[in-house]
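Chemist: I am attaching a structure below and will ask some questions about it afterwards.
In my numbering, the protein residues as written are 57 to 115.
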């Protein structure tokens, strides 16, 4: 990963390790978001929130 900062090309293993580390970081951030505010996590995922729009609540 330091090689990328120095402008050197990464080996295939280093590139894979960087991608896996990035995916692990994003998964960790998503898990932390769910722990902090599960409703916000659902709204961000756009799975449940459209069901509670004002037009749907009038029926």
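We put the CB at the ideal spot given by N, CA and C, even for glycine.
(1) Quick one: what's got a C-beta closer than 6 Å to residue 82's C-beta in the same chain, skipping five residues either side?
(2) What separation, rounded to the nearest whole angstrom, lies between the Cα atoms of residue 76 and residue 69?
(3) Between residue 80 and residue 74, what straight-line distance do the alpha-carbon atoms span, to the nearest angstrom?
Modeler: With the structure as the only source:
(1) Counted from its first residue, the chain shown places residue 82 at position 26. Excluding residues within five positions, none has a Cβ falling inside 6 Å.
(2) Position 20 of the chain shown, counting from 1, holds the residue named residue 76. Position 13 of the chain shown, counting from 1, holds the residue named residue 69. Rounded to the nearest angstrom, the two C-alpha atoms are 10 Å apart.
(3) On the chain shown, residue 80 is found 24 positions in, with the first residue counted as 1. On the chain shown, residue 74 is found 18 positions in, with the first residue counted as 1. Answer to the nearest angstrom: the Cα atoms are 10 Å apart.
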